[in-house]
Amino acid sequence: MFQYTFHWRPILNALPDMLSGAWVTIQIAVLSMLIGTIAGVLLALARQSSNKILSGFATAWVEGARNTPALFQVYMVYFGLGSLGIHLDSYPSLLIGIAFNNAGYLAETFRGGLRAVPPTQMRAARSLGMSAPKAFVYVVLPQMFRIVFHPMTNQMVWAVLMTSLGVVVGLNTDLTGITQELNVKTFRTFEYFAAAAVIYYLISKVITLTARLIAWRVFRY
Amino acid sequence: MIEIRDVHKSFGQLEVVKGVSMSVAKGEVVSVIGGSGSGKSTLLMCINGLEPIQKGNIHVDGIDVHARGTDLNKLRRRIGIVFQQWNAFPHLSVIENVMLAPRKVLGLKRSEAEAIAEQRLKHVGLGEKLKVYPSQLSGGQQQRMAIARALAMSPDYMLFDEVTSALDPQLVGEVLETMRMLSSEGMTMIVVTHEIAFAREVSNRVAFFHSGRIREIGPPEQVIGSPQQAETITFLQSVL
Amino acid sequence: MFETSLIWNDLWFMIQGAGTSLAITFWAVLGGTVLGIALGLARSVAPWWINAPLGAVLDVLRSVPLLIQFVLANSLKSIVGISWSPFLIACAVLALYTAAYCTEIVRGGILAVPKTTRRAARSLGMSYRQDMVEVVFPIALRVALPNWIGLTLGVMKDTSLVLWIGIIELLRSSQIVITRTQEPLLVLMIVGAFYFLMSFPIARLGARLEKRWREND
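Residue numbers (our numbering), protein chains in the order written: chain Y, 1 to 221; chain X, 222 to 461; chain V, 462 to 678.
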């Protein structure tokens, strides 16, 4: 048919390197989700605040994260902050960029989730003598996380996909970065990137399955 | 002792409590009856500071509930409240529901809180349901769990806000039985209720609320047995 | 005020880049929506042995980074030996990607129509066709449209990735300007404002629609 033979050997040879890249990819995604979740909760709370400066800051973050491309946000950290004298490597730039993006989307998700927890729960907790922060942490938050668990899983998959943007700012240790290095050395573009695609697909499937397992274990009520 | 003096409470333009005064002594059971919207439930929320008031004051053991410097969290440890909608914490098992406040508010160790919770749950007849989640309980059982949850803080006062109104008729009895037991143990209680027979049986005094005011207050034989006010008579005729 | 070497030519260059971004968005959303409606309708009626493999393929498109999909499509082009421009490749890949999401949005909209509602329509003597046109589509549209708006905005933002296969869209054009002016923060802020203006008003419109329709339910 076409004058092209698919070579398996380079893929096999490169597999250990690519898998170690996949590990870096997962690391960045998990870290960005952790930061994004904490920041997202704080942003969701800040948006409800009566303090104009606080809620304005949160709104600006959320709308900025949701209405510009993730790649733009990574650029902002990598190139933009340089103008302010902050020079970051590609790894932290990517991590901060994705965490910023995650936080913005998660904040909106959390806002909806918080609204779905009946206000009487807060009231019941306060009536037992719990302070507002304690009641929030022990009574409201756990219930919110159940409501938003599915969208959070989706965000986690997106976080993995977003890590591929690192290559554009010169990251060469994650899955896409390593694939690109191999590609530049050997020009077996299709083989390497097809292999990378398969690995990304498997990672996102593992995330989905793990999430299902966690939900089944944790949310028994 | 709970002392309520000329309390006014509004939601926006709507004044629901219009100058209520009454006091409840230690060991006393006072029932509050009256039509829906008469302001009786709102008054309960004001007693433990869940709702602010616009005028008057409420003292619990000499502490002004709505004064600026009052530590409401500390005060609420001594005032248990049970709601009409039992408000179980759905993400916690029955025993965890009861343990939460002793652990997080009183700072008890897990084992200590567990012992208290188990004791209170057995007391209300839920000793077999410790590890179960609230969604697997009937409404009556959830309401008894809510009572145990409030009791776990060893309160001096218990407030009951129409605790049987949302229950299926066949489940009302078990909750009333639990409350009867508490009153026989000498617990100080304010019971907002529609169960007139129950109010008559357990209360030292009954207060009849009508459009934000107390119309009649006194021993049950008097208020329920031989009411003086026209509104009380009409109300009692409508519910009996 | 402040000194800048940014000139009107640079700005015009970036506006052209934004035009490219919007053009790619337009074609990708157009193609993806047509394909997505067809596949979504098919998925809501097809037997499982068509549904399962079709769903799996679409799932792959949603689970592999777009960047990788662009590179793969670009290299597939040279393998197969067709001479599509990068612009065409970009539109095609994004259209497939859009279709993968649009299919689920359409299917979700149709499945959101309760069976009882459809039975009621048929019991009034409506034909299958009338049931679809008069009952199912209007209800499904209300569920699907806000999601579709979200998808369109997502695709618009994802066009920034096509810079990797050598297309000068908005973000790439800004990089070229930065190389000349050496003022990354200023230029990027302008780019951010461009994206924001292209996205935010439509996002608000979508949120308003969603809210209004939910309140009417």
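Every residue, glycine too, gets a C-beta built ideally from N, C-alpha and C.
query	result
C-beta atoms of Lys261 of chain X and Gly255 of chain X nearer than 7 Å	yes
Exposure label - Thr486 of chain V; buried when at least 16 CB within 10 Å	buried
Short Cβ contact (7 Å threshold) for Ala29 of chain Y with Ile529 of chain V	no
Simplified DSSP assignment, three categories, for Tyr354 of chain X	coil
Buried or exposed by the 16-neighbour rule on C-beta atoms within 10 Å, applied to Thr5 of chain Y	exposed
Three-state secondary structure assigned by DSSP to Phe474 of chain V	helix
Of the listed residues Y:Met162, Y:Leu94, Y:Asn172, Y:Leu106, nearest to Leu43 of chain Y (C-alpha basis)	Y:Leu106
Unbroken alpha helix (DSSP H) run spanning Val594 of chain V, endpoints	Neither: Val594 of chain V is in no alpha helix (DSSP H) and is coded neither H nor E.
Nearest to Val506 of chain V (by Cα), restricted to the options V:Val495, V:Leu572, V:Cys552	V:Leu572
Endpoints, the alpha helix (DSSP H) within which Arg434 of chain X is located	Careful: Arg434 of chain X lies outside any alpha helix (DSSP H), inside the beta strand (DSSP E) at 434-439.
Of the residues X:Pro323, X:Glu272, X:Gln362, the one placed nearest Ser231 of chain X, counting alpha carbons only	X:Glu272
Distance cut-off 6 Å: Ile35 of chain Y Cβ against heavy atoms of the ligand HEM	Among the components modelled here there is no ligand, and therefore nothing to report on the ligand HEM.
Reduced DSSP secondary structure (H/G/I, E/B, other) of Ile284 of chain X	strand
Chain-order list of residues whose beta-carbon lies under 7 Å from that of His229 of chain X (same chain, five-residue window excluded)	Glu236, Val238, Lys239, Gly240, Ile274, Gln275, Lys276, Gly277
Same chain, Cβ closer than 6 Å to Gly570 of chain V, five either side skipped, listed in chain order	Ala601, Val604, Ala605
Bounding residues of the alpha helix (DSSP H) (the contiguous stretch that carries Val518 of chain V)	509-524
Contacts of Val77 of chain Y in chain V (Cβ-Cβ under 9 Å)	Near Val77 of chain Y there are no residues of chain V at all, since even the closest Cβ is about 10 Å away, more than 9 Å.
Buried versus exposed, by CB contacts within 10 Å (16 or more), Gly480 of chain V	exposed
Contiguous alpha helix (DSSP H) assignments of at least 4 residues, all confined to the segment 538-625 of chain V	547-572, 576-584, 598-619
Leu81 of chain Y versus Phe304 of chain X - alpha carbon distance	54 Å
Under 7 Å from the C-beta of Asn101 of chain Y: neighbouring residues of chain V	What Asn101 of chain Y touches in chain V: nothing, since even the nearest Cβ is about 10 Å away.
Span of the beta strand (DSSP E) around Gly255 of chain X	250-255
CB contact below 7 Å: Val206 of chain Y versus chain V	no
Backbone secondary structure at Lys330 of chain X - three-state DSSP	coil
Residue-chain proximity (Ser83 of chain Y, chain V), Cβ-Cβ < 7 Å	yes
Segment contact flag, the segment 138-158 of chain Y with the segment 108-128 of chain Y, C-beta cutoff 8 Å, min 3 pairs	yes
Any chain Y beta carbon closer than 7 Å to His312 of chain X	yes
Closer than 7 Å to chain X by CB, Tyr192 of chain Y	no
Residue from Y:Ala215, Y:Leu182, Y:Arg220 whose Cα sits closest to the Cα of Leu15 of chain Y	Y:Leu182
Inter-residue spacing [alpha-carbon to alpha-carbon] between Gly361 of chain X and Ala159 of chain Y	46 Å
Distance between beta carbons of Ile268 of chain X and Ile279 of chain X, contact taken as under 8 Å	6 Å
Contact with chain Y by Met462 of chain V, beta-carbon distance below 7 Å	With a pLDDT of 45 at Met462 of chain V, under the threshold of 50, the modelled position of this residue cannot be trusted; read the value that follows with caution. No, because no Cβ of chain Y sits closer than 7 Å to the Cβ of Met462 of chain V.
Buried versus exposed call for Ala288 of chain X [16 or more other C-beta atoms within 10 Å across all chains shown]	exposed
Leu647 of chain V to Ser482 of chain V span [Cα, whole Å]	20 Å
Pair within 7 Å by beta-carbon distance, Pro526 of chain V and Leu161 of chain Y	yes
Exposure of Thr465 of chain V, with buried meaning 16 or more beta-carbon neighbours within 10 Å	exposed
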